[in-house]
Each structure stands twice: as structure tokens, then as C-alpha cells.
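Heads up: the structure comes next, in C-alpha cells.
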Amino acid sequence: MKFSEFNWNALPDATGHFGAYGGRFIAETLMEPIYQLEQAYSSLKADPAFQAEFDRDLKHYVGRPSPLYFAERLTRELGGAKIFLKREDLNHTGAHKINNTIGQAILAKHMGKTRIIAETGAGQHGVASATIAARLGLECVVYMGAEDVKRQAPNVFRMKLLGATVVPVHSGSKTLKDALNEAMRDWVTNVDNTFYIIGTVAGPHPYPAMVRDFQSVIGREARQQILEQDGRLPDALVACVGGGSNAIGLFHPFLADESVAIYGVEAAGSGISTGKHAAPLTAGKSGVLHGNRTYLMEDDNGQIIETHSISAGLDYPGVGPEHSWLKDLGRAQYVAVTDAQAMEGFHTLTRKEGIIPALESSHAMAYVMELAPKMAKDQSIIMCLSGRGDKDINTIARLEGITL
Amino acid sequence: MSRIEACFQALKAQGKKALIPYVTAGDPHPSITVPLMHQMVEAGASIIELGVPFSDPMADGPTIQLAHERSLVHNTSLTDILAMVQTFRQTNQTTPVVLMGYLNPIEIMGYEAFAQAAQAAGVDGVLTVDLPPEEGKEVLPLFKAHGLDPIFLVAPTTPAHRMQAIAEAASGFVYYVSLKGVTGANTLDTAEVAARLAKMREYTDLPLGVGFGIKDAATAAAVGQVADAVVVGSALIKQVEATPEDHTTIIKNISGLLASMRSALDA
Numbered sequence: 001m002k003f004s005e006f007n008w009n010a011l012p013d014a015t016g017h018f019g020a021y022g023g024r025f026i027a028e029t030l031m032e033p034i035y036q037l038e039q040a041y042s043s044l045k046a047d048p049a050f051q052a053e054f055d056r057d058l059k060h061y062v063g064r065p066s067p068l069y070f071a072e073r074l075t076r077e078l079g080g081a082k083i084f085l086k087r088e089d090l091n092h093t094g095a096h097k098i099n100n101t102i103g104q105a106i107l108a109k110h111m112g113k114t115r116i117i118a119e120t121g122a123g124q125h126g127v128a129s130a131t132i133a134a135r136l137g138l139e140c141v142v143y144m145g146a147e148d149v150k151r152q153a154p155n156v157f158r159m160k161l162l163g164a165t166v167v168p169v170h171s172g173s174k175t176l177k178d179a180l181n182e183a184m185r186d187w188v189t190n191v192d193n194t195f196y197i198i199g200t201v202a203g204p205h206p207y208p209a210m211v212r213d214f215q216s217v218i219g220r221e222a223r224q225q226i227l228e229q230d231g232r233l234p235d236a237l238v239a240c241v242g243g244g245s246n247a248i249g250l251f252h253p254f255l256a257d258e259s260v261a262i263y264g265v266e267a268a269g270s271g272i273s274t275g276k277h278a279a280p281l282t283a284g285k286s287g288v289l290h291g292n293r294t295y296l297m298e299d300d301n302g303q304i305i306e307t308h309s310i311s312a313g314l315d316y317p318g319v320g321p322e323h324s325w326l327k328d329l330g331r332a333q334y335v336a337v338t339d340a341q342a343m344e345g346f347h348t349l350t351r352k353e354g355i356i357p358a359l360e361s362s363h364a365m366a367y368v369m370e371l372a373p374k375m376a377k378d379q380s381i382i383m384c385l386s387g388r389g390d391k392d393i394n395t396i397a398r399l400e401g402i403t404l
Numbered sequence: 001m002s003r004i005e006a007c008f009q010a011l012k013a014q015g016k017k018a019l020i021p022y023v024t025a026g027d028p029h030p031s032i033t034v035p036l037m038h039q040m041v042e043a044g045a046s047i048i049e050l051g052v053p054f055s056d057p058m059a060d061g062p063t064i065q066l067a068h069e070r071s072l073v074h075n076t077s078l079t080d081i082l083a084m085v086q087t088f089r090q091t092n093q094t095t096p097v098v099l100m101g102y103l104n105p106i107e108i109m110g111y112e113a114f115a116q117a118a119q120a121a122g123v124d125g126v127l128t129v130d131l132p133p134e135e136g137k138e139v140l141p142l143f144k145a146h147g148l149d150p151i152f153l154v155a156p157t158t159p160a161h162r163m164q165a166i167a168e169a170a171s172g173f174v175y176y177v178s179l180k181g182v183t184g185a186n187t188l189d190t191a192e193v194a195a196r197l198a199k200m201r202e203y204t205d206l207p208l209g210v211g212f213g214i215k216d217a218a219t220a221a222a223v224g225q226v227a228d229a230v231v232v233g234s235a236l237i238k239q240v241e242a243t244p245e246d247h248t249t250i251i252k253n254i255s256g257l258l259a260s261m262r263s264a265l266d267a
């Protein structure tokens with residue numbers, strides 16, 4: 001396949017598939033609501049008034065466009081390719097998640113829903129959902145694994161301040177996947193008045209496509225900004241991948257640019273060989289979970305296995321189906337970095353550029369530190385700095401034995 | 001004729017309704033499942049729905065999720081469960097067995113391999129909660145080719161055109177979910193259920209079962225007035241929850257509850 005000639009907007013197909021991946025693997029109760037959502041989204045997507053409302057909110061409420069920042073000192077230190085950071089950490093609420101929640105919340109309002117629910121791992125999507133719910137006057141319930149409630153205490157408090165109800169989920173591994181299970185259960189029960197804002201490019205169709213569309217603003221801006229600043233396309237893109245929404249957002253507008261290498265960075269946790277990681281694309285296999293077929297962390301009996309990552313936002317056994325397809329296609333490479341490498345990335349960016357990154361984004365940073373020195377000085381990398389690290393300072397202090 | 005079809009025909013001839021208990025295979029221990037199946041038949045079960053545990057049972061409520069977790073402590077696999085059915089079949093060749101679960105364990109085993117093994121073990125139907133007819137183009141023909149009836153759920157949210165599509169894909173019986181929500185959820189409205197069943201009747205001659213919200217003899221009898229089959233799950237699993245260490249008591253209590261439902265249905 002010639003990547004430059006492929007119509008990257010043609011997928012997912014009409015039934016929500018990216019090749020073998022994606023689809024709608026959900027209980028019957030949700031099938032009709034999912035079709036209604038798909039219909040509402042496709043008619044709104046074509047509506048200039050909706051696009052104008054979305055663009056206006058991104059500009060005046062989120063603060064877009066986010067800067068593309070040339071990290072000059074870091075570039076010098078690493079001694080290779082020029083490093084540009086797409087500053088999603090500067091968005092209102094501190095991460096890329098708000099791009100998507102605004103889009104879905106406007107849709108919810110158009111569909112006449114009065115209650116929104118969301119799942120969250122690191123809490124960024126929960127905060128972004130609670131934020132938009134407060135602004136639109138919608139009831140908001142956020143499901144969060146009990147383990148994540150502990151490690152992301154500041155975000156839990158932010159959500160409560162914003163008026164959301166945070167429900168700790170004690171089942172299973174008490175992390176993101178269990179929060180997603182619980183949110184699905186809520187949705188099945190309250191489907192008449194409730195809109196489920198999924199935070200990543202996973203779940204049943206149309207979620208992977210819809211979230212991608214909302215997040216693609218990242219890549220569209222970055223493409224224009226790099227042409228303005230550097231006069232040429234980048235040689236590589238790097239983004240962390242949990243469910244993969246910031247990554248798809250950056251990657252998608254560059255898919256037809258053959259010269260641009262694309263790297264998604266998964267969480268290798270304690271190391272791929274230890275089995276304690278969250279890297280389904282690197283070390284998993286295809287299966288069906290949470291409404292879609294995709295790469296999963298699973299055992300030989302098809303049971304989902306517990307994941308491990310220092311970063312709550314990457315601690316998920318699946319990944320968006322479009323990433324699975326891009327991997328099989330060879331259009332994107334998926335790599336993994338360990339907790340320890342991510343910590344190094346965290347400290348490096350903090351000390352060299354005065355930017356405290358989220359632990360999720362620190363994974364992308366760690367891979368940039370590996371990649372940049374191998375590239376020529378006239379080449380460039382765009383890294384998606386998906387979120388800021390304020391929410392992680394308690395985790396980092398604890399890991400380093402510091403009492404705050 | 002399939003075992004499920006034969007079962008419904010025999011019941012109809014006697015003027016009886018089907019009573020379909022659901023238990024999770026391997027809960028609380030794999031050793032209880034086959035004896036429990038036999039005892040449930042003794043107590044009046046017409047068809048047995050055997051739950052295949054999954055780590056992430058999204059469409060189930062807390063009661064059944066805990067049952068899955070108790071079973072998975074013993075690593076109960078789909079292969080183990082097929083072996084249980086095979087053992088059950090050594091002494092019971094008539095009571096239909098339907099496996100109920102999620103797609104991933106089947107997908108990992110391989111569709112063809114599963115369909116062959118399930119048929120060989122004596123499974124009669126497969127209800128895959130997260131496999132709507134739309135996604136079943138590959139696997140459903142394999143089920144049918146191996147004598148496995150695909151059982152589908154119909155929900156309160158299912159519109160008429162989907163009822164028709166489900167009727168075309170289904171065989172054995174159709175399972176009407178009486179509530180929006182997960183398994184084990186609350187009360188049910190019999191008049192509403194009757195109206196929905198009448199609608200479904202326009203599209204299929206298959207027997208219609210009703211589940212979700214059936215707790216005791218009284219609710220079973222009420223549903224039996226309007227449906228061909230009554231499915232009971234969470235209420236039975238609560239008996240496992242009550243005394244997880246005591247298998248004799250579990251079997252006694254589940255059988256007792258089923259027997260009371262059976263006599264209420266037959267009254």
C-alpha cells in the first residue's frame with residue numbers, strides 16, 4: 001500500500017471497522033442507543049453551526065491553538081534532531097482530554113441528554129468531563145478505579161470541586177478498565193437521559209472515529225505550525241499510547257505524509273519481560289473487549305490480565321482499534337518504555353526546559369531521548385506533550401521517598 | 001430435531017413453561033458444577049444456562065461479576081467448562097445446555113475449534129452477550145453448522161427492525177431482557193413485558209424466554225403467564241454467595257428455590 005495515496009478518512013468503514021479491528025461488540029440494550037449516537041454525530045459533523053460552536057469553544061475556552069514549542073536546550077543536550085513539543089499541557093484543565101469532552105458534550109446537549117458519565121484513569125478525562133458538565137449545567141458522574149482514586153488524589157478533589165460525583169470502582173484490578181466496565185453498566189441502566197463521554201479512541205463504533213475527529217485538531221495545528229516554524233514537515237512524530245487519543249490526534253493528519261515516521265509509546269512498566277506492563281501493541285494479541293476488537297493484554301483463555309504502569313492514564317489492557325490497524329499496516333511503529341525510563345524523561349524535561357510533564361507524556365519524552373540522538377541535526381521530531389504533571393507530584397514524591 | 005426444540009415441544013404438550021436456571025460454571029469451585037446441574041434438573045430445570053466466566057463481564061451486575069471472579073480464582077477455562085458439559089452428558093442426554101458468556105474466550109480458542117468442541121461436548125446453544133448479529137457474520141454460520149443454536153437477547157431498547165434482524169439470526173429460543181440495566185437489577189413490569197413479547201411474536205415463532213428481575217416463585221409465576229420460558233440467575237447465585245464454603249447447602253438452597261419456582265409455574 002502506498003501511504004500517500006491512501007484515503008485515511010475512509011476508515012472506519014460503515015460498520016465501524018478498521019480492517020479486522022473496531023466494530024460494535026456490545027450488549028443488545030446498547031445497540032440502538034449506539035446507532036442513535038452514530039446518527040446524531042454524523043448529522044452534526046456535517047453541520048457548519050456545530051463545527052463553529054466547537055471551534056469557538058476550543059479557541060476561547062480551551063485556549064487553542066496550543067503552542068508548538070521548539071525545545072532548544074533539550075535539543076542541544078540530546079545532540080540530534082530538533083525537538084518540538086506540541087503543548088497540550090497548556091490547554092484549560094491541563095491536558096488534551098478537554099478537546100474531546102467539549103465535542104462530545106456539545107453533542108450530548110444536541111441529543112437532549114441531561115446527565116453525562118465518564119470513566120477516568122489518571123483523572124484528566126474525569127476533570128475535563130466535570131469541567132464541561134459544570135459549564136453546560138449537566139449532571140456528571142465519573143467512574144474511577146479505587147486504586148487510581150488513591151494515586152490521583154488532586155484530580156479527584158478537582159472533580160468534586162467542579163460538582164461531579166466520583167464513584168470509586170472496587171471490582172477487578174481497580175483501575176481504568178474496571179472504571180470503563182462500571183461506566184458501561186451505568187449507561188446500560190440510564191441510557192434514556194445519559195450520554196457516555198468515552199475518553200479515548202476505544203469502545204464501540206462510533207467512539208473511536210468520533211474521539212479521533214475531535215482530537216485531530218492537535219495534528220492539524222501541529223502540521224501548520226511546523227511548516228511555519230521549520231519550513232518543512234517533521235521527520236518523526238512521538239506520542240504516548242494508553243487508549244491512544246492524543247496519539248491518534250497528532251498522527252492522523254500526517255498519515256498520508258510518507259516521509260514522516262510515526263512512533264506510539266506504550267508503557268513497559270517494570271519491563272516487558274517481567275509481564276508487569278501495559279503494552280498490548282508491543283506484547284499482546286488481538287481480542288474483543290469494551291465494545292471493539294483490538295490488541296489486548298490477555299491470557300491463553302481469553303481473560304484480560306492485570307496491567308502495570310506508573311502512569312494511571314496508560315494503565316489499560318487495550319488500545320484504540322485504529323492503532324491496532326496502523327500497527328498491522330506498518331504505518332506506525334509501537335515501542336515501549338519502562339517506568340524507570342519515564343521517570344528519567346520526567347526529570348529531564350522538568351530540569352532542561354522548565355516544563356513538568358504528566359507521567360503519561362513522560363513516556364513519550366523517554367522515547368524522544370532515545371530517538372533524537374540517532375537523527376541528524378537538520379531533522380525534526382514533534383512530540384505530543386499531552387498533559388502537565390501537577391497531578392503526579394504526589395506519586396513522584398512517594399516513589400522517591402519524599403514526604404510532602 | 002435439536003435438544004432445545006424437543007424440550008420446548010415436550011413442555012408445550014404438557015402445557016408447561018420452561019424454567020431456565022443460570023449458574024456460573026466453576027462457582028464457587030469447579031467440582032460443584034456437574035452435581036449442581038443434575039440437581040437443578042431434579043428440581044425442575046428445563047434447560048441449563050451455564051455461565052462462562054470472564055474477567056470483565058460488562059453487562060452483568062455485581063452478583064454475577066463476583067460469581068465470575070470466584071470461578072476465575074480456579075482459572076476455570078472454556079475448555080474446563082466443555083469438559084463439565086461432557087461429564088453431565090454421560091448421564092443426561094435430554095436437558096439442553098446453553099453456554100452464556102462473552103466473546104473473547106471463544107475468540108481466543110478459535111471459532112471453528114470452539115464450535116467443534118462444543119458440539120462434541122454436548123452443548124446445545126450459545127448466548128454471547130457482546131456479539132450482536134451484526135458482528136456475527138463469521139461465527140454464527142459456524143455455530144449453526146455444528147448444531148449450536150445462537151441465542152440472542154432482545155432488550156427494552158430494541159426497535160422493531162432489530163427484532164426482525166434478531167429473529168432471522170436466532171434459533172432455539174429468544175431471550176427477552178425485561179429491564180434496562182445489568183443482570184440482578186430490580187423490579188419488573190409484567191404488563192410491559194407482555195406488550196414487548198407480543199411485538200416480538202410478530203417476527204418469530206421461536207419460544208420466548210424472559211430474564212432479569214426474576215427473584216422468587218411469585219415473579220417466576222407472573223412471568224410464566226406471558227412467556228414460554230423463565231430465566232433465573234442472580235437469585236440463584238445469591239445462594240452461592242451466602243455459603244461459598246458449603247457445597248451441600250448451596251446445592252440444597254438452589255434446588256429448593258428452583259423447586260418453588262417450578263411448582264409456582266405449574267400451578
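Chains as they are written, first to last, in the numbering used here: chain A, 1 to 404; chain B, 1 to 267. For each residue, glycine too, the CB sits at the ideal point set by N, CA and C. All figures in this text were calculated on a predicted structure; none of them were measured in a lab.
Between the CA atoms of residue j and residue i - distance to the nearest angstrom
i: Ser309 of chain A; j: Gly19 of chain A; result: 29 Å
i: Arg212 of chain A; j: His277 of chain A; result: 25 Å
i: Met58 of chain B; j: Lys374 of chain A; result: 45 Å
i: Gly213 of chain B; j: Thr63 of chain B; result: 13 Å
i: Glu135 of chain B; j: Gly23 of chain A; result: 7 Å
i: Lys285 of chain A; j: Lys174 of chain A; result: 23 Å
i: Ala236 of chain A; j: Ile47 of chain B; result: 59 Å
i: Val217 of chain A; j: Leu250 of chain A; result: 8 Å
i: Leu176 of chain A; j: Arg293 of chain A; result: 18 Å
i: Ala128 of chain A; j: Thr114 of chain A; result: 17 Å
i: Val210 of chain B; j: Thr190 of chain B; result: 10 Å
i: Ala52 of chain A; j: Leu11 of chain A; result: 24 Å
i: Ala108 of chain A; j: Phe195 of chain A; result: 6 Å
i: Arg388 of chain A; j: Val191 of chain A; result: 34 Å
i: Ile254 of chain B; j: Asn193 of chain A; result: 37 Å
i: Thr79 of chain B; j: Pro154 of chain A; result: 45 Å
i: Tyr61 of chain A; j: Trp8 of chain A; result: 30 Å
Short Cβ contact (7 Å threshold) for residue i with residue j
i: Gly126 of chain A; j: Thr120 of chain A; result: yes
i: Pro21 of chain B; j: Leu208 of chain B; result: no
i: Gly172 of chain B; j: Asp149 of chain B; result: yes
i: Gly61 of chain B; j: Thr24 of chain B; result: no
i: Pro321 of chain A; j: Pro234 of chain A; result: no
i: Leu206 of chain B; j: Glu28 of chain A; result: no
i: Val201 of chain A; j: Ile132 of chain A; result: no
i: Ala130 of chain A; j: Gly313 of chain A; result: no
i: Leu103 of chain B; j: Leu131 of chain B; result: yes
i: Glu168 of chain B; j: Leu142 of chain B; result: no
i: Asp27 of chain B; j: Ser71 of chain B; result: yes
Status (buried if at least 16 other CB within 10 Å, exposed otherwise) for residue i
i: Leu371 of chain A; result: buried
i: Gln93 of chain B; result: exposed
i: Ser178 of chain B; result: buried
i: Gly242 of chain A; result: buried
i: Met1 of chain A; result: exposed
i: Asn75 of chain B; result: exposed
i: His290 of chain A; result: buried
i: Ala218 of chain B; result: exposed
Residues sharing a beta bridge with residue i, DSSP
i: Ser286 of chain A; result: A:Tyr295
i: Met144 of chain A; result: A:Thr120, A:Pro168
i: Met383 of chain A; result: A:Leu85, A:Val238
i: Leu19 of chain B; result: B:Val230
i: Tyr196 of chain A; result: A:Ile117
i: Arg388 of chain A; result: A:Pro357
i: Pro204 of chain A; result: Partner(s): none; Pro204 of chain A has no beta bridge.
i: Thr338 of chain A; result: A:Gly269
- Message: Give me the subset of the stretch 150-174 of chain B whose CB atoms are less than 8 Å from a CB atom of chain A, sorted by chain position.
- Response: Phe152, Leu153, Val154, Ala155, Pro156, Thr157, Thr158, Pro159, Arg162, Ile166
- Query: Going along the chain, which residues of the stretch 3-28 of chain A sit with their C-beta nearer than 8 Å to a C-beta in chain B?
  - Reply: Thr15, Gly23, Arg24, Phe25, Ile26, Ala27, Glu28
Query raised in the report: In chain order, what residues of the stretch 121-148 of chain A put their CB closer than 8 Å to some CB of chain B?
Result: none
Chain B contacts from the stretch 275-303 of chain A (Cβ-Cβ distance under 9 Å): Lys285, Ser286, Gly287, Val288, Leu289, His290, Gly291, Arg293, Leu296, Glu298, Asp299, Asp300, Asn301, Gly302, Gln303
Contacting positions in the stretch 121-150 of chain B - beta carbon closer than 7 Å to chain A: Val129, Asp130, Leu131, Pro132, Glu134, Glu135
In chain order, what residues of the stretch 258-270 of chain A put their CB closer than 8 Å to some CB of chain B? none
Of the residues that make up the stretch 188-215 of chain A, which ones have a beta carbon closer than 7 Å to any beta carbon in chain B? Val188, Thr189, Val191
Item checked: Near-chain A residues of the stretch 91-110 of chain B - C-beta to any C-beta below 8 Å -> Tyr102, Leu103, Asn104, Pro105, Ile106, Glu107, Ile108, Met109
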